[in-house]
Ligand code: UGA
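Numbering (our numbering), first residue to last: 251 to 680.
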C-alpha cells in the first residue's frame with residue numbers, strides 16, 4: 251500500500267521504516283527540513299537498535315523516502331499516519347496543537363478519499379476532533395475516514411516490537427477503513443483487535459497507566475522489603491510466576507521515566523478528571539515514583555554523610571537501556587540533584603551522552619569509557635540498566651576508587667558477590 255507518515259520521531263520513523271520493510275511504499279514527512287536533509291543524506295536523528303540498517307535497506311530498495319512537504323505525502327498515499335508529538339501542558343493535560351496543525355494541512359491538500367490514522371498517544375475523543383477539523387478545512391469536500399491505531403512499541407526495542415507485535419489495535423468506524431488497515435498489517439501476522447475509535451484511544455492510556463502501576467507497585471514492595479529484610483527480586487519472581495500477574499515490569503528501580511509513562515499518567519489523570527472521575531489510584535502511582543528517587547538520594551546522602559565535593563561516578567544517563575533518549579530520565583534527575591548538593595560527577599552512557607550534554611552541559615565530566623568512570627571516586631552509582639554495565643571490571647573499579655561504595659539503582663549486581671569483592675553495596679529493596 252502507499253503510506254505517508256507525518257512526524258519522524260521515535261514512533262514515526264520506526265513505523266514508516268517497518269511498513270517499508272513489510273513491503274509497503276512509504277513517504278515520511280517532517281516539518282523540520284534539517285531532519286529531512288539528514289535522513290535523505292543517510293544520517294539518523296535518533297538511536298534505535300537495528301533501525302539504521304533497515305532505513306538504508308528500504309531507501310535503496312525504493313520503498314522509503316523523506317520529504318518536508320505534507321502535500322507531497324498526502325498526494326502520494328492512500329493512508330496517512332499522524333505520529334507527531336503530543337507534549338504535556340503545565341496542568342498535566344495534552345498539547346494537541348501539532349495534531350490539529352497536521353489535520354489542517356492534510357485537509358487543505360486532500361483531493362481524493364484518504365484514511366487518516368492517529369498513531370500518537372492522544373486523549374479519548376481526539377479522533378472526533380480530528381474528523382471535525384478535516385471536514386472544516388477540506389475545501390474539496392472529499393470523503394475520508396479517521397482511524398485510531400495506538401503504538402505499543404518500547405524505545406530500545408522499537409523495531410523488534412513493531413515487527414512482532416502482541417496485538418494491533420485499530421479503532422475505526424467504516425468497513426472501508428477496516429479492510430485497508432487489515433491489509434496494512436497483514437504482513438505482521440499479529441492478532442488485530444478492531445474497536446470503536448474512543449476505545450482504541452483509551453486502550454493506550456489504560457495500558458501505559460497499568461504498566462506504570464505495576465512498576466510503582468513493586469517499588470512500594472521494595473520499601474517493605476528493605477524495612478523487613480526481604481529481597482524484592484525474590485518477591486517479584488515469586489508473584490510473577492502467577493500468570494495472572496506476570497514477571498514483566500516488576501523490576502524495582504529508581505522509578506520509571508521516559509517520554510511516555512510520566513506524561514501519559516498525568517494526561518490520564520486529567521482526562522479522568524474532565525470526565526468527572528478522581529483517579530486517585532494513579533495519583534498514588536505518581537507519588538510512589540517520586541518517592542523512589544527521593545529514597546535513593548537519601549541512601550546516597552545517609553552513606554556519604556556529606557555529598558558536597560564528593561567525586562561520584564554515574565553509569566547511565568538514558569531513561570532506560572538501549573536508547574539515547576534522556577527525556578524525563580530518572581538518571582538525569584539524579585545527576586541534577588547530586589550536582590545541586592555539590593557533588594563532582596563523572597558520567598558515562600553508551601549512547602545518551604550527547605543528548606545528556608544538552609541538559610547537564612559542563613556541570614559534569616563526560617567519560618567515554620565505562621571502565622574509567624570510577625577513577626578516584628568516593629562512590630559509584632548505576633542509574634540505567636544497560637546490559638554492558640554487568641561487564642564492568644569491578645575489581646579494577648574498586649581499586650581505582652577512593653572508597654569502594656556502589657549504589658545500584660537498577661539491581662544489576664549480586665549483593666553477596668559485591669560484598670565478596672569488597673564493596674559497600676546498596677541496591678533497591680534487598
Ligand atoms: C512505554 C510502553 O512500555 C510502550 O508499550 C509504549 O508504546 C510506550 O511507552 C509509548 O507510550 O510510546 P517506553 O517508555 O519506551 O515504553 O519504555 P518502557 O520499557 O516501558 O520503560 C519505561 C520506564 O519504566 C523506564 O524508565 C524503565 O527503566 C522503567 N521500568 C520498566 C522499571 O523501572 N521497571 C520495570 O520493571 C520496567
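For glycine and all other residues, C-beta sits at the position ideal for the given N, C-alpha and C.
Quantities reported herein were computed from a predicted structural model and do not represent experimental measurements.
Boundaries of the alpha helix (DSSP H) around residue 309: 301 to 310.
Here residue 499 carries a coil assignment [DSSP, helix/strand/coil]. Assignment of beta-bridge partners to residue 588 by DSSP yields no partner.
In the displayed model, residue 425 falls within a helix according to three-state DSSP.
For residue 561, there is no enclosing alpha helix (DSSP H); the residue is part of the beta strand (DSSP E) that begins and ends at 561 to 565. Annotated three-state conformation of residue 576 is coil, per DSSP. At least one heavy atom of the ligand UGA lies less than 7 Å from the C-beta of residue 404. Counting C-beta atoms within 10 angstroms of its own C-beta, residue 598 has 16 or more neighbours from the protein chains shown and is therefore classed as buried. For secondary structure counted as the beta strand (DSSP E) over 3 or more consecutive residues, the stretch 345 to 428 holds these complete runs in sequence order: 364 to 368, 394 to 398 and 418 to 421. Beta-bridge annotation (DSSP): residue 317 is paired with 279.
Per DSSP, reduced to three states, the secondary structure at residue 606 is helical. Out of 605, 602, 547 and 573, the CA that lies nearest to the CA of residue 589 is found in 547. According to DSSP, residue pairing for residue 675 in a beta bridge involves 656. Placement of the Cβ of residue 514 at a distance of less than 7 Å from at least one heavy atom of the ligand UGA is found. By the beta-carbon neighbour count (other beta carbons within 10 angstroms, threshold 16), residue 513 is buried.
Under the three-state reduction of DSSP output, residue 630 falls in the strand class. The closest heavy atom of the ligand UGA lies less than 7 Å from the beta carbon of residue 458.
The stretch 346 to 355 makes no contact with the stretch 403 to 416, as fewer than three CB pairs between them are under 8 Å. Here residue 601 is buried, its C-beta having at least 16 other C-beta atoms within 10 Å.
DSSP places residue 596 in the uninterrupted beta strand (DSSP E) bounded by 594 to 598. Taking 8 Å as the upper bound for CB-CB distance, residue 256 and residue 330 are in contact here, some 6 Å apart. In the displayed model, residue 332 falls within a strand according to three-state DSSP. According to the DSSP assignment, residue 444 belongs to the beta strand (DSSP E) that extends over 442 to 445. The alpha carbon of residue 347 has as its nearest neighbour, out of 289, 367, 383 and 462, the alpha carbon of 383.
Membership of residue 255 in the beta strand (DSSP E) is indicated by the continuous run 252 to 256. Between the stretch 451 to 463 and the stretch 473 to 488 there are fewer than three inter-stretch CB-CB distances shorter than 8 Å, so the stretches are not counted as touching. For residue 512, the enclosing alpha helix (DSSP H) begins and ends at 511 to 524. Judged by their CB atoms, residue 632 and residue 566 are nearer to each other than the 8 Å cut-off. In terms of Cα proximity to residue 320, the closest of 425, 359, 592 and 630 is 359. With respect to residue 582, residue 629 sits apart: the two C-beta atoms are not nearer than 8 Å.
658 is the residue among 658, 277, 334 and 536 whose C-alpha sits nearest the C-alpha of residue 564. If you draw a 10 Å sphere on the C-beta of residue 458, you find 16 or more other C-beta atoms in it, and that means buried. Excluding its 5 nearest sequence neighbours in each direction, residue 673 has C-beta neighbours in its own chain below 8 Å: 644, 648, 654, 655 and 656, listed in chain order.
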